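Once you know that position 318 of the sequence shown is 1018 in the working numbering, the rest is easy, because the numbers rise by one and skip nothing.
For every residue, glycine included, the Cβ atom is placed at its ideal position computed from N, Cα and C.
All of these numbers come straight from a predicted model, not from anything done at the bench.
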Amino acid sequence: MSLLSASLAWLVAAAVPSSLVAGVNADAGVEYDSNANRVSPGTDTSVRGGPLLRGTMGTQLGYAGGRQRLRAQLQIGGKVFLLPTLQDQNVGVILGSYEHGVQLVSDGRLRLSGVADYYDAFQAPASLIESRDFRSLSVSVRLAGVREMPSAPQHRIDGGLDLGMQYFAFKPDAAFTFVAPSAAARLSALLHAGDPELGHDFDLSLHLRADYRGYMFGRTDLFIQTGGSLTWQGPALLQAGYMVQLALSNTNGESYQRHLVLAKLGVRLPGDLYVTGKAQLNLLQGAPGLYVPVSNIDDDNRSLGLIDIERPLPRGFGLVLRYTGYFSLPGERSSLDAMGSYQRHTVYLGASYAYRTRKK
701 MSLLSASLAW LVAAAVPSSL VAGVNADAGV EYDSNANRVS PGTDTSVRGG
751 PLLRGTMGTQ LGYAGGRQRL RAQLQIGGKV FLLPTLQDQN VGVILGSYEH
801 GVQLVSDGRL RLSGVADYYD AFQAPASLIE SRDFRSLSVS VRLAGVREMP
851 SAPQHRIDGG LDLGMQYFAF KPDAAFTFVA PSAAARLSAL LHAGDPELGH
901 DFDLSLHLRA DYRGYMFGRT DLFIQTGGSL TWQGPALLQA GYMVQLALSN
951 TNGESYQRHL VLAKLGVRLP GDLYVTGKAQ LNLLQGAPGL YVPVSNIDDD
1001 NRSLGLIDIE RPLPRGFGLV LRYTGYFSLP GERSSLDAMG SYQRHTVYLG
1051 ASYAYRTRKK
């Protein structure tokens, strides 16, 4: 991996003009997944676990000059299981995003952009409840602005409004495929206290999103998502957040509400170790038999706990050790769980590489 990554870095540095900023990243490693097909004990489907290889590779491009702003990225990745009994869980992913904006005022505080996001997962043939084979595409127009406090330039408020369309295709079952006009708004305030370089940053963010989803066979859903988070960054990073999702459907048994509570802590330990801990409670309320497709290949629509330990190495390399546990809360009911019996544990050990050109 090191020779390939170094070659990519050389190509990027040689090909990108000095007015652009570009980067490449790659990671690869081994993982063990105790519940690769993501089912609960006691159901008709047996729990299957085993080792796998996983990796990603990507590139990023950014430009900020004159009145123009551009950001683009492309990532590919996948998971390959080593046991013959888990070949139906092999999956590959292509992810891409592009944003191109222009300043509407000379001071750069107001910007109009076009945005496109694409995510495509390709999984080996599997049963419906064991599948994460889907495609999503969204395009939107974004109006974004930022305002700095005249008396305190290290404080600022920024926000934005997105209007666009979203397409989601769940490949194993077209009944979950939809097209939706979408509107989203966000507002954040960044406050700084103490020394300009070594002080404390406080970031308060709020967001609201609404989609009107039109499915096949006459089903329509109004999907509303809102929430906020508070982040403190100083000697450590601490974040707390809350989000609620409401799906109001005209089809019996398809409406639901989900409450997500998030806590995150990041610290640097002696020995140049960076440790991140994350906990998320997923409270899903819906009719028995409700099925909600996932939005990425690592998403379980479950509560989770995560510990990530990274050790940077010279020349952009690093080592990563990560544990993630997914579980159902006591008394929780969904289409796959038998009253809170769901468990899944993954352990990953790998190496990473990142390179970024310097802006001139």
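query, result
"Contact belief for R832 with F878 at Cβ below 8 Å, rounded distance in angstroms", "No, R832 and F878 are not in contact; Cβ-Cβ is about 17 Å, not under 8 Å."
"Sheet register partners of Q823 (DSSP bridge)", "V791"
"Rounded separation between D1000 and L887 - CA only", "28 Å"
"Buried or exposed (CB count within 10 angstroms, at least 16 for buried), R1044", "buried"
"CA nearest to the CA of H959, picked from M943, R968, T951 and G971", "M943"
"L1129 - DSSP class collapsed to helix/strand/coil", "It is not possible to answer for residue 1129, since the shown part of the chain is limited to 701 through 1060."
"Residues near Q787 by beta carbon distance below 8 Å, same chain, minus five either side", "F781 and A824"
"Neighbourhood of R754 by C-beta, 6 Å cutoff - its chain only, sequence neighbours within 5 removed", "E731 and K779"
"Collapsed DSSP secondary structure at P970 in the structure displayed", "coil"
"For L922: DSSP bridge partner residues", "Y912 and L948"
"Contact the region 984-995 vs the region 1004-1021: 3+ CB pairs below 8 Å", "no"
"Residue span of the beta strand (DSSP E) that contains R832, given as start and end", "Premise fails: R832 is in no beta strand (DSSP E) and is neither H nor E."
"Contact belief for G749 with S734 at Cβ below 8 Å, rounded distance in angstroms", "4 Å"
"A987 (DSSP reduced to helix, strand or coil)", "coil"
"Three-state secondary structure assigned by DSSP to A875", "helix"
"Exposed unless 16 or more other CB atoms sit within 10 angstroms - verdict on R738", "buried"
"DSSP-derived helix/strand/coil call for R1044", "strand"
"M916 burial status per 10 Å Cβ neighbour count (16 or more: buried)", "exposed"
"Helix, strand or coil at G758 according to DSSP, with G and I counted as helix", "strand"
"The region 970-987 contacting the region 791-808, beta-carbon criterion three pairs below 8 Å", "no"
"A987 versus H892 - alpha carbon distance", "46 Å"
"Alpha-carbon to alpha-carbon, G941 and A979", "11 Å"
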